[in-house]
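K.L.:
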Amino acid sequence: MATTACFIIVSRNDIPIYEAEVGSAAKREDAAQLHQFILHAALDIVQDLAWTTSAMYLKAVDRFNDLVVSAYVTAETHTRLMLLHDSRNDDGIKSFFQEVHELYIKTLLNPTYLPGSRITSSHFDTKVRALARKYL
Amino acid sequence: MEPDVSIETSSMIRVAVLPIGHVPPVLLRDYHSMLLRHQSIPLSAVSSFYTEHQKSPFAHQPWDSGSLRFKFVLGGAPPSPWEDFQSNRKTLAVIGICHCPSSPDLGSVMDQFDSACRAYPAALVERCFAFCPADSQLEDGSKKGWNLMLFPPADRATQEFHLQTMMQDIAASLLMEFEKWVLKAEPAGTIVKTPLDSQATLNSEEVIKAKKRRLGRAQKTMGDYCLLAGSPVDANLHYSTALELARLTGDFFWYAGALEGSVCALLIDRMGQKDTAVEEEVRYRYNSVILHYRKSFIQENAQRVSPLTFELEATLKLARFLCRRELAKEVVELLTNAADGAKSLIDASDRLVLYVEIARLYGTLGYQRKAAFFSRQVAQLYLQQDNRLAAISAMQVLAMTTKAYRVQSKASTLEDSLPKKETGSSVVEGGKMLHQSVVSLFESQWSTLQMVVLREILLSAVRAGDPLAAWGAAARLLRSYYPLITPAGQNGLASALSNSADRLPSGTRCADPALPFIRLYSFPLHPSQMDIVKRNPAREDWWAGAANTGPFIYTPFSKGEPSNNSKQELIWIVGEPVQILVELANPCGFDLRVDSIYLSVPSGNFDAFPVTVNLPPNSSKVVTLSGIPTSVGPVTIPGCTVHCFGVITEHLFKDVDNLLLGATQGLVLSDPFRCCGSARLKNISVPSISVVPPLPLLVSRVVGGDGAIILHEGEIRDIWISLANAGTVPVEQVHVSLSGKHQDSVLFIASETLKSALPLRPGAEVTIPVTLKAWRIVLADADTAAGRSAFKHSKDGNSPTLLIHYAGTLPNTADPSTEKSVVPPGRRLVVPLQICVLQGLSFVKARLLSMEIPAQVGENLPKPVHIDNSLTEGAVGTPNKMDRLVKIDPFRGSWGLRFLELELSNPTDVVFEISVSVQLENTDHEHSLSVDRDATEYGYPKTRIDRDCSARVLIPLEHFKLPVLDDSFFVKDNQADGSGRSYSFSERNTKAELNASIKNLISRIKVRWQSGRNSSGELNIKDAVQAALQTSVMDVLLPDPLTFCFRLSRNGPGAENIDSHEESNDQVDSSASKGSVMAHEMTPMEVMVRNNTKELIKMSLNVVCRDVAGEDCVECANATVLCSGVLGGITMEVPPLEEIKHSFSLYFLVPGEYTLIAAAMIEDANDILRARARTKSSDEPIFCRGPPYHVRVVGTA
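Those protein sequence lines, which keep their order, are chains A and B. FYI, the numbering for the first sequence is 1 to 136, going by full-length UniProt numbering. FYI, the numbering for the second sequence is 1 to 1197, going by full-length UniProt numbering.
(1) For B/Phe-49 and B/Phe-58, I'd like the C-alpha separation in whole angstroms.
(2) If B/Leu-17 sits next to B/His-38, beta carbons under 8 Å apart, how far is it from one beta carbon to the other, in whole angstroms?
(3) Go ahead and label A/Tyr-135 buried or exposed: buried means 16 or more other beta carbons lie within 10 angstroms of its beta carbon, across all protein chains shown.
(4) For the region 76-91 of chain A, which residues have a CB atom closer than 9 Å to at least one CB atom of chain E, in sequence order?
(5) Can you name the residues of chain B whose CB is closer than 9 Å to the CB of A/Gln-98?
(6) Opposite B/Leu-802 in the DSSP bridges: which residues?
(7) Classify B/His-712 as buried or exposed, calling it buried when 16 or more other Cβ atoms lie within 10 Å of its own Cβ.
(8) Any residues in the region 335-365 of chain B with a beta carbon nearer than 9 Å to a beta carbon of chain A? Which ones, in chain order?
(9) Mind checking if B/Leu-659 is an interface residue toward chain A, Cβ cutoff 8 Å exclusive?
(10) Should B/Tyr-382 be flagged as near chain A, meaning a C-beta pair shorter than 8 Å?
(11) Can you pull the chain A residues whose beta carbon is under 7 Å from the beta carbon of B/Arg-509, in chain order?
(12) Is it the case that the region 59-66 of chain A contacts the region 333-343 of chain B, given that we only count it when at least three CB pairs across the two stretches are under 8 Å?
(13) Against chain B, does A/Ile-45 count as a neighbour if the rule is that its beta carbon must be under 8 Å from one of theirs?
(14) Can you say whether B/Cys-226 is buried or exposed, counting buried as having 16 or more other CB atoms within 10 angstroms of its CB?
(15) Look at the Cβ atom of B/Thr-771, then the Cβ atom of B/Phe-748, and state whether they are nearer than 8 Å.
(16) Grab the span of the alpha helix (DSSP H) containing B/Asn-1102 for me, first residue to last.
(17) Within 8 Å (strictly less), CB to CB, does B/Ala-328 reach chain A?
(18) Taking a contact to mean a Cβ-Cβ separation below 8 Å, would you say A/Thr-70 touches A/Leu-83 in this structure?
(19) Can you tell me whether B/Gln-54 is buried or exposed? The criterion is at least 16 other CB atoms within 10 Å of its CB, across all chains shown.
(20) Beta-carbon within less than 6 Å of A/Ile-17's beta-carbon, same chain only, minus the 5 sequence neighbours each way: which residues are those?
(21) Tell me which same chain residues have a C-beta within less than 6 Å of the C-beta of B/Phe-912, skipping the five on either side of it?
(22) Between which two residues does the beta strand (DSSP E) containing B/Trp-471 stretch?
(23) By how many angstroms is the C-alpha of B/Asp-948 removed from the C-alpha of B/Ile-914?
(24) Would a check of beta-carbon distances place A/Asn-65 closer than 8 Å to chain B?
(25) With a threshold of 8 Å, are at least 3 pairs of Cβ atoms found where one atom belongs to the region 284-300 of chain B and the other to the region 107-116 of chain A?
(26) Taking only the alpha-carbon atoms, compute the straight-line gap between B/Asp-64 and B/Asp-169 and give it to the nearest angstrom.
(27) Would A/Asp-44 and B/Gln-368 qualify as a contact pair, given that the criterion is a beta-carbon distance under 8 Å?
(28) Got a sec: is the Cβ-Cβ distance from A/Ala-5 to anything in chain B below 8 Å?
(29) Which residue comes first and which comes last in the alpha helix (DSSP H) that contains A/Glu-99?
(30) On a CA-only basis, which of B/Met-1085, B/Gln-839, B/Arg-1185, B/Phe-606 is nearest B/Gly-1017? Give me that one, please.
(31) Under the rule that 16 or more other beta-carbon atoms within 10 Å means buried, what is B/Glu-1163, buried or exposed?
(32) Please return the same chain residues whose Cβ sits closer than 6 Å to the Cβ of B/Ser-417, not counting the five positions on each side in sequence.
(33) Could you check how far apart the C-beta atoms of A/Lys-36 and B/Leu-449 are, in whole angstroms? I think they sit under 8 Å.
(34) Closer than 8 Å, CB to CB, is B/Lys-403 near chain A or not?
(35) Does the separation of the CB atoms of B/Phe-1148 and B/Gly-1125 fall below 8 Å?
(36) Taking C-beta pairs closer than 7 Å, name the residues in chain A that B/Arg-369 reaches, listed in chain order.
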């Protein structure tokens, strides 16, 4: 399990619709903020990178200091799953993204969920954290 | 590290620009900007100042195309330890700038300049530019030596030309100095050192090594000077040599330096032409540069000095060179690497420069979020330095990031996002807000980041001592993120706001609104008292039909209008106060005091009145904002101006609307109004408002209080309505009409009074009486009224309203130009008559009672009814007439009294008094015989009905008998029937005749009631009476053809010659003799037969005397009465309208009660009589019977 990991889902309108600190390190508020800043900045790179490849998993797209940003862009809604991490477990991250993507699609199928709005389901949250424990 | 480096930096001559003496900052900036125009001086321009002293080392100088480049450093820079390594780091020239008016003594200026130049030992040229000298200074300055340049006051163009010449001179001087330097360096081999070289005493091996390297380094430095001199080909030659030498000696650092120089020379040579080959070359060489800088890293002095900065600078230079959208990936890679180097940098300021450069490059690349990220890193570095200047820098840097994080101040968004806002608002107004566009309003809501950035801006602004920026940041933070801030944090922000406001001058405006949230609550249209009506000057009734343009009820053109209806139009009037309701919400945990809030009207023709509001924590409040339009024209109200937390801000309704829209979609954190417990409100759009010139304004008042007028059913009352003109324009036209339900309850409006008061000047008042009659409560209402909830009936919908249309002067229609112009609208005053009808008397039923009370046979004849009719009005006062109606005088006989009995019940809780009046109609004149009205005078009580009681009221109907039975009654109806058959009565016209006569009869009966002192009214009983009278109207209305009377004629049959009229007056005198007849006495009697028709009637009269048992006691076997005279079969002819006496005598054997009845068989009856008798066949005899008369016989048997 990675010591630092911050997972975020960004909708096509660049709104974060889900945020989770899934690292094992003790949570610090300023660190969490920095994570979000890095992820936010990485959107610029993901935005360009997404059009250069047909793969949904973009691998590590950006880094700041020791923290690496990996991204996964869903095809259907251009939703970006982004993970900030300090480990280099590429396969685990890929699997993590794929499973979360599936979860996200399930959320999308919920008729009461307005695409592009915040994911508030606690079930989703629990599942994502479990996946993080499993793969990261 | 140095900021703003690029590959070309190596070819720039660094010039320090120093202010000498006091130079106002504005002027200094101005002079500096003049210098900046001369950053590049073409060699061709320099040539005139250039003199070749010896052979130039720059053999390949491109005199026609090359140029010298300057880099002006305002304020100078401290000497760099690396200036031997890169000559462009040396400050090679110093330019002093002096503003003569503020530094009068040129001597001291020169002294200051000289001492300032001492800080720049490498400077080859020093000049002091003195601007705007006085004449004395001009004279003085010419003596002062060659490096003081005076710029005489002149126009800008002249000065600039002068400055250009000076700069060309400096350039030429520098060029000559460079030549000198290169010539001097070539043979000698100057010692050049860098901090990288070991400071320790060199051992022998190293000395030898250093000697070897020296040559290469000298070549590299000469190459630098060639570059500065603008000769890239010469520079390239030197660099090639230097590269070779450095490679041989393993001098990686200098190798990289020379390589950098060669790239610069290449680019200068190509004059900025970038083709892929050059680009490839540059990329290749620079990667090598970076590699060699990295190689030159020496572990032992890493603590002290490191070539890392050069590596990073080279990276940045390459990145800047490549910085294009197409190469974004490559640039990002370079910048990411550069950013990685930051943590190895020793000097904090180096890191600062690095981040600044990275941020700038990302910005150039179009990666705004990346740029913002590094800008924020810069700001954090600034904030780590604990001083005010750093804080100001941090604040400015953060202000640049606000756009990327979407927390910008409104002031900065105003220009660039204007078109975007326009489209957004139009979509909202269209009502077809697509989901996507809703979402797009809330793009990039990274609330965590936004809060952090705002907090940092607040912090830096506080440290920098910029209260306005601090206020703005705190306001944005509080307004946008209050749901994420703890109450303590909210309080902190509130105090930050007030602390900042304390330092601001009062009346400061800030573009960013803080609290409260303000939304439009409602836009009250005109109260009905002030309604404005379009005036149609073409019509007399100008208020009607102004909207209707065609003859059709439906026009297809009006079909499209409903969509426009949402945007209603509002007309305001100059000088008349208007109100708008807004709702304020304070979703935070502290008491909010809004010092003043008023409508903000950019159109400027509106005086808004400020109000002060206090909002407790988590509360919302609806506030009425008012104002007065001041001039004609359209008014726009985009929002409110709020003075809160010591600063004036503008709150736009549209922003809050968007926010609420987002809240409904779940895109915004919270709906501030909802969390304050306010209900959801539909979107209210600001109508388009136009202001028109003053109009008259009528104000109505019901005299005696504006409360509901409480009336009982059928009550009639006068009220007075006072109308006053509260406007500033006289009322010229006025028209009163009625609308609403129960319009018939308004009996009378004195509109003439109103019209006669025109024109009604401002301030004038007129009072008009209105007569009301309460309507009947319908059955459904009566049911609820059973529960005594009578006030339920006072619902507004039930009452009629007075519509008063009025208007001021019409413009002069004679003038054709004004005819086209807009007619000032009229107005409508709606005066609701608040009538509350209580249940009054209720009518139970009516029936007709027929009574036949036998009269006593007396000396007097009972007066026939028709005689009453001949009485004059003076007879009203005759009391015995009253008697006759109420009581039956037994001596006057009876002729079949008929009464209408009305049964009334009083379910209310007040007492009613009933009076009946009958209106009599005569052929010649009409006079009302209101019996009970007279009775009041004479002490007769009204019928009083207590609460919850019933009572019966008798209405005698005898007065309706016509005096004469003639054909007129029937003829009238026959003619109406239209048929030619006179005097023949079929069933159907009898029916019609009946109805007409009943109606006639009923309309004359009025039942009035009175309750208390001042409520009185009339019962509506027409239907009931009609039903009761339906069958027997003829009997009621028409007299019998014959009337019979009996009387005693004591003096014998012949003695009776006194006229009945007189007798009636003598009644009192003869009262003693009336009453009884003695038994065993011959009693002379008379029967009088009156013909009520206009024709002679032949008949045979019979008189019958019956005893109490009803048996005929004259004719039967054991007769108790003897008679003399004829009693049966008396044939007589009665002339029309006259009476005939027939005398006879009776002898009563037995005392007791007897009844005399006269009857007659009419012979040869005509049609009228037949109709009256309702006979069918013409041969049927018509039988007439008089009323019974009582004879009391006293005496002994």
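Ideal placement from N, C-alpha and C gives every residue a C-beta, glycine not left out.
P.N.:
Quick look at the numbers:
(1) Translated into positions along the second sequence, residue 49 of chain B becomes position 49. Translated into positions along the second sequence, residue 58 of chain B becomes position 58. Looking at the backbone, the Cα of B/Phe-49 and that of B/Phe-58 are separated by about 17 Å.
(2) For the purposes of this step, residue 17 of chain B is taken as the residue at position 17 of the second sequence. For the purposes of this step, residue 38 of chain B is taken as the residue at position 38 of the second sequence. Reading the sequence as shown, one finds Val at residue 17 of chain B and not Leu. That belief does not hold up - the Cβ atoms of B/Val-17 and B/His-38 are roughly 12 Å apart, past 8 Å.
(3) Residue mapping note: residue 135 of chain A aligns to position 135 of the first sequence, counting from 1. So A/Tyr-135 ends up on the buried side.
(4) Of the protein chains in this structure, namely A and B, none is chain E.
(5) Within the first sequence, the letter at position 98 stands for residue 98 of chain A. Among the residues of chain B, none has a CB under 9 Å from the CB of A/Gln-98; the nearest is roughly 25 Å distant.
(6) The sequence position of residue 802 of chain B within the second sequence is 802, counting from 1. Answer is B/Leu-738, B/Val-831, bridged to B/Leu-802.
(7) Here the question's residue 712 of chain B lines up with position 712 in the second sequence. When all chains shown are included, B/His-712 counts as buried.
(8) Those would be Thr-336, Ala-339, Asp-340, Ala-342, Lys-343, Tyr-362, Leu-365, in chain order.
(9) Position 659 of the second sequence holds residue 659 of chain B. No, B/Leu-659 lies away from the interface with chain A (no Cβ there is under 8 Å from its Cβ).
(10) For the purposes of this step, residue 382 of chain B is taken as the residue at position 382 of the second sequence. At a cut-off of 8 Å between C-beta atoms, B/Tyr-382 does not count as an interface residue with respect to chain A.
(11) Position 509 of the second sequence holds residue 509 of chain B. Within chain A, no C-beta atom comes less than 7 Å from the C-beta of B/Arg-509; the nearest is roughly 32 Å away.
(12) Taking 8 Å as the limit for Cβ pairs, the verdict is that the region 59-66 of chain A does touch the region 333-343 of chain B.
(13) Translated into the one-based positions of the first sequence, residue 45 of chain A becomes position 45. So, interface residue.
(14) Locating residue 226 of chain B in the second sequence gives position 226, where the first residue counts as 1. With 16 or more other Cβ atoms from the protein chains shown falling within 10 Å of its own Cβ, B/Cys-226 counts as buried.
(15) By one-based count along the second sequence, residue 771 of chain B stands at place 771. By one-based count along the second sequence, residue 748 of chain B stands at place 748. B/Thr-771 places its beta carbon less than 8 Å from that of B/Phe-748.
(16) Against the second sequence, residue 1102 of chain B aligns to sequence position 1102. It is not in any alpha helix (DSSP H) - B/Asn-1102 instead sits in the beta strand (DSSP E) that spans 1097-1107.
(17) By 1-based counting over the second sequence, the position of residue 328 of chain B is 328. So, interface residue.
(18) As a working note, residue 70 of chain A is residue 70 in the first sequence. As a working note, residue 83 of chain A is residue 83 in the first sequence. Checking the sequence shown, residue 70 of chain A turns out to be Ser, not Thr. Contact: yes.
(19) In the second sequence, residue 54 of chain B corresponds to position 54, counting from 1. Burial call: exposed.
(20) Stepping through the first sequence from its first residue, residue 17 of chain A is reached at position 17. For A/Ile-17, where only same-chain residues beyond five positions count, the Cβ hits under 6 Å are Ile-9, Ser-11, Arg-118, Ile-119.
(21) Against the second sequence, residue 912 of chain B aligns to sequence position 912. Same-chain partners within the cutoff: Leu-841, Asn-906, Ile-945, Trp-1009, Ser-1011.
(22) Against the second sequence, residue 471 of chain B aligns to sequence position 471. Per DSSP, B/Trp-471 belongs to no beta strand (DSSP E); it is in the alpha helix (DSSP H), 467-481.
(23) Position 914 of the second sequence, counting from 1, holds the residue named residue 914 of chain B. Position 948 of the second sequence, counting from 1, holds the residue named residue 948 of chain B. In a straight line, the C-alpha of B/Ile-914 is about 15 Å away from that of B/Asp-948.
(24) In the first sequence, counting from the first residue as 1, residue 65 of chain A sits at position 65. Closer than 8 Å to some Cβ of chain B, the Cβ of A/Asn-65 qualifies, so yes.
(25) The region 284-300 of chain B makes no contact with the region 107-116 of chain A, as fewer than three CB pairs between them are under 8 Å.
(26) Residue mapping note: residue 64 of chain B aligns to position 64 of the second sequence, counting from 1. Residue mapping note: residue 169 of chain B aligns to position 169 of the second sequence, counting from 1. A straight-line Cα-Cα distance of about 17 Å links B/Asp-64 and B/Asp-169.
(27) By 1-based counting over the first sequence, the position of residue 44 of chain A is 44. By 1-based counting over the second sequence, the position of residue 368 of chain B is 368. At a Cβ-Cβ threshold of 8 Å, A/Asp-44 and B/Gln-368 count as neighbours.
(28) To locate residue 5 of chain A, count along the first sequence from 1; it is residue 5. By this cut-off, A/Ala-5 is not an interface position.
(29) Position 99 of the first sequence, counted from the start, is the residue given in the question as residue 99 of chain A. A/Glu-99 -> alpha helix (DSSP H) spans 90-109.
(30) The residue you call residue 1017 of chain B lines up with position 1017 of the second sequence. Of the candidates B/Met-1085, B/Gln-839, B/Arg-1185, B/Phe-606, the one whose C-alpha sits nearest the C-alpha of B/Gly-1017 is B/Gln-839.
(31) Locating residue 1163 of chain B in the second sequence gives position 1163, where the first residue counts as 1. Flag for B/Glu-1163 reads exposed.
(32) If you number the second sequence from 1, residue 417 of chain B lands on position 417. Caution applies to B/Ser-417, whose pLDDT of 42 falls short of 50 and renders its modelled position unreliable; the value that the coordinates give is listed next. Closer than 6 Å at the Cβ level, and outside the excluded window around B/Ser-417, lies no residue.
(33) The residue labelled residue 36 of chain A in the question sits at position 36 within the first sequence. The residue labelled residue 449 of chain B in the question sits at position 449 within the second sequence. Looking at the sequence shown, residue 36 of chain A is not Lys but Gln. Rounded, the Cβ-Cβ distance is 5 Å, consistent with contact.
(34) For this step, residue 403 of chain B is matched to residue 403 along the second sequence. Not one chain A Cβ lies under 8 Å of B/Lys-403.
(35) Your numbering for residue 1148 of chain B matches position 1148 in the second sequence. Your numbering for residue 1125 of chain B matches position 1125 in the second sequence. No; because the gap between Cβ atoms is not below 8 Å, this pair is not in contact.
(36) Numbered from 1 along the second sequence, position 369 holds the residue referred to as residue 369 of chain B. B/Arg-369 reaches chain A at His-40, Ala-41, Leu-43, Asp-44, counting residues in chain order whose Cβ is nearer than 7 Å.
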